[in-house]
Structures are given as C-alpha cells and as structure tokens.
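A.B. asks: Under numbering that gives the first Met the number 0, the first residue of the sequence shown is numbered 0, with each subsequent residue one higher.
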Amino acid sequence: MKLSAIKEILPTLENVEFQLENGIMVPEHFHVTEVGQITKNFIDCGGVIRLEKVVSFQLWNADDFQHRLKPQKLLNIIQLSEEKLEIEDSEIEVEYQSSTIGKYDLEFNGRNFVLINKTTACLAQDACGIPQEKQKLNLSNIRSQNAECTPNSGCCS
C-alpha cells in the first residue's frame, strides 16, 4: 500500500486498527512512534545497483491502555512528515515488535490495516546460479505415445 492510499482511507474510518496477517490484532493502545522515509542503496548478487525507498511506520505498545490513535491524528502525523521530511508517495513498510523487530507490508481489508509478512528473495536469480524449478509431472497422467499398447497386445514385439 502506498502512502497516498492510506491518506485516502483514514478519513473514512472511526478508528485505526492494525492486525497481523494471521488475524491477531495489534493492541488498540498502540502508538505510531515514527513516520519516515528509508532509502536502501545496494548491489544485488548479480552486480545490479538498486535503490529502494519505503515510507516507514513504527508501531509501539506502551502501558497506557487508554491510548487510542484516531484517524485524523495519524493523518496529521503523515502530513507533517511529508512537509518536514519531503517524503515521497512510496510503499509503506511497518515495523512492529514481536520476538524481534518485524518488517511488514501493509494492506487494508475494508476494516483493518493488515500487516503482511515480508520475505527475502534473490533479485538476480538469473545471475546467481539458482536452477529453475523443474516442472513436476504425475506419471499416471502421462500418456504413452502409443496409447493402444497394452500387455499381451503384441505392440511391444
């Protein structure tokens, strides 16, 4: 989800709610402690230089159980970060603490913002020697060239 999308969604909501991909809700007393832009300048294993930018939201739970982040407050934080940091309309990456700091993509399911698990991947598979996945065939579905050949039919003599 891009920053522009969350800015369109927030005014339509009464509450800001996040949930993990597995359905577990982020406690409703969470804080958005950071909004920023992260730039990653790197070289992949194929020697290609890459530049990635994401808008980063950091969610944090404190012991202030009465805290509730309202949509307009989050929209104000986003607008301030755009103004002061000149943040671009990039994909949102959410940092949220589980057993370690997790990084998630963001989607909206019509009610809640959903933290989607991120995975690693090779960006240069054609250059780093990873074999293409072979097509898996079920031998029982393969028809012989001579489909009429059966035992004792004489076709194999």
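Note that the Cβ used here is the ideal one computed from N, Cα and C, for glycine as well.
1. Find the nearest neighbour of PRO70 within the set ASN137, SER3, PRO10 and LYS1, judged by alpha-carbon distance.
2. Pick helix, strand or coil for ILE48, following the three-state DSSP scheme.
3. Give the single residue among THR38, LEU105, PRO130 and ARG67 whose Cα lies nearest to the Cα of SER3.
4. Taking the C-alpha atoms as reference points, what is the distance between GLN78 and VAL34?
5. Give me the Cα-Cα distance between ASN21 and GLY101, rounded to the nearest whole angstrom.
6. Excluding sequence positions up to five away, which residues of its chain have a Cβ less than 6 Å from the Cβ of VAL15?
7. Using DSSP bridges, identify the partner residues of ASP125.
8. Compare the Cα-Cα distances from VAL54 to each of ALA120, PRO130, CYS44 and LYS6 and report the closest residue.
9. Quick check on the DSSP output: the alpha helix (DSSP H) that includes LYS6 runs from which residue to which?
10. Roughly how many angstroms lie between the CA atoms of THR32 and TRP59, to the nearest whole one?
11. Where GLU13 and GLU51 are concerned, what is the direct C-alpha to C-alpha distance, given to the nearest angstrom?
12. Shorter than 6 Å, the distance from the beta carbon of ASN111 to the closest heavy atom of the ligand ADP, or not?
13. Which ranges would you report for the beta strand (DSSP E) in the region 58-120 if only whole runs of at least 3 residues count?
C.D. replies: By the coordinates alone:
1. PRO10
2. strand
3. LEU105
4. 10 Å
5. 14 Å
6. Here the set comprises LEU68, PRO70 and LEU73.
7. BP columns for ASP125 are empty, so no partner.
8. LYS6
9. 2-8
10. So the two alpha carbons sit approximately 7 Å from each other.
11. Inter-residue distance for GLU13 and GLU51 is about 33 Å (C-alpha atoms, whole angstroms).
12. Ligands are entirely absent from the displayed structure, and the ligand ADP is therefore not among its contents.
13. 91-96, 100-107 and 112-116
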